[in-house]
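Protein chains: 2
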Amino acid sequence: MYDELLEMIESNKLRPVKQILVEMHESDIAEILEHIENPASLVKVFKLLPKDMGAQVFSYVDTDIQEKLITALSSSELGPIIEEMYIDDAVDLVEEMPANMVEKILRASTPETRSTINKFLKYEDSTAGSIMTPEFVDVKDSMSVGDSIKRVKKLAENVETINVVYVTDGARVIKGVVSIRDLILANDNKKISDIMNDNVIYAETDTDQEEIARMFSEYDFLAMPIVDKEKRLVGIVTVDDVIDVIEEEASEDISVMAGVTPNEKPYLKTSVFRIWLNRFPWLMLLMISATFTGLIISKNETLLNNGIFGILLTSCIPMIMDTGGNAGGQASATIVRGIALGDVEFRDLFKVMLKEFLVSLLVGLSLAVVCFGKILLVDGVIFGTEGVKVGSAAIIASAMFFTIVIAKIVGCSLPLIAKKLKFDPAVMASPFITTIVDILSLLVYCFLATTFLM
Amino acid sequence: MYDELLEMIESNKLRPVKQILVEMHESDIAEILEHIENPASLVKVFKLLPKDMGAQVFSYVDTDIQEKLITALSSSELGPIIEEMYIDDAVDLVEEMPANMVEKILRASTPETRSTINKFLKYEDSTAGSIMTPEFVDVKDSMSVGDSIKRVKKLAENVETINVVYVTDGARVIKGVVSIRDLILANDNKKISDIMNDNVIYAETDTDQEEIARMFSEYDFLAMPIVDKEKRLVGIVTVDDVIDVIEEEASEDISVMAGVTPNEKPYLKTSVFRIWLNRFPWLMLLMISATFTGLIISKNETLLNNGIFGILLTSCIPMIMDTGGNAGGQASATIVRGIALGDVEFRDLFKVMLKEFLVSLLVGLSLAVVCFGKILLVDGVIFGTEGVKVGSAAIIASAMFFTIVIAKIVGCSLPLIAKKLKFDPAVMASPFITTIVDILSLLVYCFLATTFLM
């Protein structure tokens, strides 16, 4: 169906195109716009949309399309779209556009909108202030239910949600919340303060957006009031923006845990140079830190060059190091995710370390047994690797055991310590842990081998 | 404040405890219950709660507390709680409880609830059916707005949300949706079919929950209708459950990417044995597959035992392998996340491979240059490692280059191929990629060294 529509657009059949578009969801229209190759057609199709749909579609399309549209539209065409947009979307737009576009956007807005945008731009990135909107329904605590419903109806067109109504006093301080459900079920003559829930859960404008997301997930909110230092209601955060935050934070953690600088743009829209920039510094850092493993190996040259035993020991280095890295990565990823979900905190450090120590004993013992058997059977009998004896297999298996224990302890504690020191715990996951565990496990390995085999 | 309340509970001051509890959010009450040590106090405090709050709190507490409560409550006490719970929560409860508890729950329910629970238990795990609820407001397309509002008020107490009202025809087939906003703004005499949005976006009961989450995130839904094969409305999914799905899916991906079997329980509540079970098989599998790297090394013993060159080459193995693993992990994690967010699909395979090839050329070249310099300067001049010459450094740097190229191509393509074959793409991330890249990079390394140095 998309292809058909795109063909109709290309052949300039605008009337039927309009009829189809106005029936579609704004997010799907945005998707269509992103597939129009010809910039002139793009603008023509966009202009077909009614004003309110246009504003919504404009919020949904990617920044490159937004730029094209802003360039093509006149100030008098752009103005109404900006006015129709929700303030939080308009603020996002201004934050993402280059300076000349921002100028055009602000010039096209009314002075009132311009000043609101400027006010919201001041909230720091990743705080509640940066994702909230000032478009909500507020009623005074002295109002009746009937009057409140009238106010809901009056504001309904211009707010982001009417599902929750916020109650404030004369000084705009938050006093309670009422769901639209309770409002329409209540008797018109009742006072709002009698039916409202006065145990309001709110956050301040500088609360971290991750904390906001955790509260939404804990309390099953649809929207949450945000207040300033004087507890005056200044905005609300809605659940749709929280979903974006949750996905963004998970993406960020996954990126960092893979040693990649996080990037908000979709992969296919990110330039090769930007990808290089996001990946190269981490790889370089990790590569240079491998100098230590290299040093340990060359300092143990007499051990590793020691005939058939040397070859066996050398051939097992990748196995020991990889398994150590994987074991540490398992622990660190589990803890990093636990921190993100609010399940684990720094004060649990010793509980976590004890648990991982017990796990590492179990994992280490079972893996050492398998490792011992594997070396004797697979390497020794099947592949006939030289130097395989019960003694050498036992040394390698014990090195495996100690590597696992070290890896788990390092892997579980570093993310918690990082969190305490206000670093991103995800940085302390996989590649970083691997590098540390490599060094420690090689030291143990060479120490055991030197002590018992030479 | 929590500690104070817990103290009051311990000293059995139930009346003030009740006064405090009824003012709190159910999720916070659940948290309190989880901190009560004495099982008798737990039950006593729970019984203080009004019926509707009790049901909500019961949905929020962890399964171990649910078990304790079910055991302690009589059938006549348990029944009303089950009836008050949302059906989707009751179904989750039945799914998580051991058989004897399930029996008690079902015996305590009314025949009607029992049959609904049994019907919903049949929907497969991780599908729309498994997370939907049958408690929504539906109106007929022939009804007036006024009558619809009456119906909303009548059902309001017993549905999960009234924010969206669903319009069906005589055969219960979905025809449209109306937001509560449009409903209260419309004239009472209008027909519902005139104000409803008849371009309904819905899903079927067997749609994967990940797909549902993607639709919520794309369309900013608060709730979404779920239909059977005949397009009859059978339930709705609400955004609070979708947030849980999004967090669960991200946790699952992170687990799998770290080589850990996913686990829904919070870390601190998971037993040591269960953690061992979730981690050991992966480590064993990966350890055994390291047999190949071991074989490659022992087959190249003449190269690696070859005096000073051999030691230099051996000492650089960890660096080459780790950097390859990290480079591959970067690509696979990026693509796995892109697949999860719906940004990348299998049909983009060649676009992705081309992009990663270009990235790998940039990363490979820059890293090879740094590697060449690092070996000459750090290893050669600073640490005086023997065997460092321009020729040997150049061989190692070129091996680094080819390793990066191979790692990136393998890392980006395997997750997409896994997705196409209906495997979990996340399995094709870090530890798995590392193992494959280890083998390939060692082969290239030994081939280059043998060809040019011997």
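Taken in order, these protein sequences are the chains called A and B. This note's numbering applies: residue 1 is where the first sequence begins, and numbers increase by one. This note's numbering applies: residue 1001 is where the second sequence begins, and numbers increase by one. We treat Cβ as the ideally placed atom computed from N, Cα and C, and that holds for glycine.
- For the pair residue 153 (chain A) and residue 1184 (chain B), the CB atoms are nearer than the 8 Å cut-off.
- What residue 1247 (chain B) touches in chain A, judged by beta-carbon distance under 7 Å, is 217, 246, 341, going in chain order.
- Residue 239 (chain A): member of the alpha helix (DSSP H) spanning 239 to 257, first to last residue.
- The beta-carbon of residue 329 (chain A) is placed less than 8 Å from the nearest beta-carbon of chain B.
- Around the beta-carbon of residue 1019 (chain B), fewer than 16 other beta-carbon atoms lie within 10 Å, marking it exposed.
- Nearest to residue 86 (chain A) by C-alpha distance, out of A:55, A:102, A:73, is A:55.
- The contact set of residue 1368 (chain B) on chain A, defined by CB atoms closer than 7 Å, is empty, because the minimum CB distance reaches about 10 Å.
- A Cβ-Cβ separation of about 6 Å places residue 1042 (chain B) in contact with residue 1033 (chain B) under the 8 Å criterion.
- Spanning the alpha carbons of residue 323 (chain A) and residue 1287 (chain B) requires a straight line of approximately 6 Å.
- In the three-state reduction of the DSSP assignment, residue 1074 (chain B) falls in the coil class.
- If the five residues before and after residue 1063 (chain B) are omitted, its C-beta is found closer than 8 Å to the C-beta atoms of 1096, 1097, all from its own chain and listed in chain order.
- At a C-beta separation below 7 Å, residue 1181 (chain B) has these neighbours in chain A: 156, 162.
- With at least 16 other beta carbons inside 10 angstroms of its own, residue 1203 (chain B) counts as buried.
- In this structure, residue 9 (chain A) sits away from residue 1359 (chain B), with a CB-CB distance that is not shorter than 8 Å.
- Contact of residue 145 (chain A) with chain B is not assigned, every C-beta pair being separated by 8 Å or more.
- Contacts with chain A (Cβ-Cβ distance below 9 Å) from the segment 1074 to 1100 of chain B involve no residue at all.
- Against chain A, a Cβ distance below 7 Å from residue 1383 (chain B) picks out 295.
- Residues of the segment 1252 to 1266 of chain B whose Cβ lies closer than 8 Å to any Cβ of chain A, in chain order: 1253, 1254, 1255, 1257, 1258, 1259, 1260, 1266.
- Between the alpha carbons of residue 1080 (chain B) and residue 1051 (chain B) lies a distance of about 7 Å.
- At a cut-off of 8 Å between beta carbons, residue 1338 (chain B) contacts chain A.
- Closest by C-alpha distance to residue 219 (chain A), out of B:1431, B:1420, B:1025, is B:1025.
- Proximity of chain B to residue 250 (chain A) at the Cβ level (cut-off 7 Å) is accounted for by 1250, in chain order.
- In the structure shown, the three-state DSSP call for residue 1191 (chain B) is strand.
- Taking 8 Å as the cut-off, the beta carbon of residue 1393 (chain B) is found closer than this to the beta carbon of residue 1375 (chain B).
- In this structure, residue 1253 (chain B) lies near residue 1336 (chain B), with their beta-carbon atoms less than 8 Å apart.
- In the DSSP assignment, residue 1165 (chain B) falls within the beta strand (DSSP E) that extends over 1164 to 1168.
- Residue range 1051 to 1060 is occupied by the alpha helix (DSSP H) that includes residue 1059 (chain B), with no beta strand (DSSP E) assigned at that position.
- Nearest neighbour of residue 1452 (chain B) by Cα position, chosen from B:1416, B:1425, B:1390, B:1411, turns out to be B:1390.
- Residue contact with chain A for residue 1025 (chain B): present (Cβ-Cβ distance below 8 Å to some residue of chain A).
- Going by DSSP, residue 1039 (chain B) is part of no beta strand (DSSP E) but of the alpha helix (DSSP H) stretching over 1039 to 1048.
- Only those residues of the segment 1387 to 1415 of chain B whose C-beta falls short of 7 Å from the nearest C-beta of chain A would be listed, and there are none.
- Excluding residues up to 5 positions away in sequence, 123 lie with their Cβ nearer than 6 Å to the Cβ of residue 130 (chain A) in the same chain.
- Listed along chain B, the residues sitting closer than 8 Å to residue 374 (chain A) by beta-carbon distance are 1287, 1288, 1291.
- Around the beta carbon of residue 1133 (chain B), 16 or more other beta carbons sit within 10 angstroms, so the residue counts as buried.
- Counting only runs of 4+ residues, the alpha helix (DSSP H) found wholly inside the segment 1112 to 1147 of chain B occupies 1128 to 1131, in chain order.
- Interface residue (Cβ-Cβ distance to chain B less than 8 Å): residue 110 (chain A) is not classified as such.
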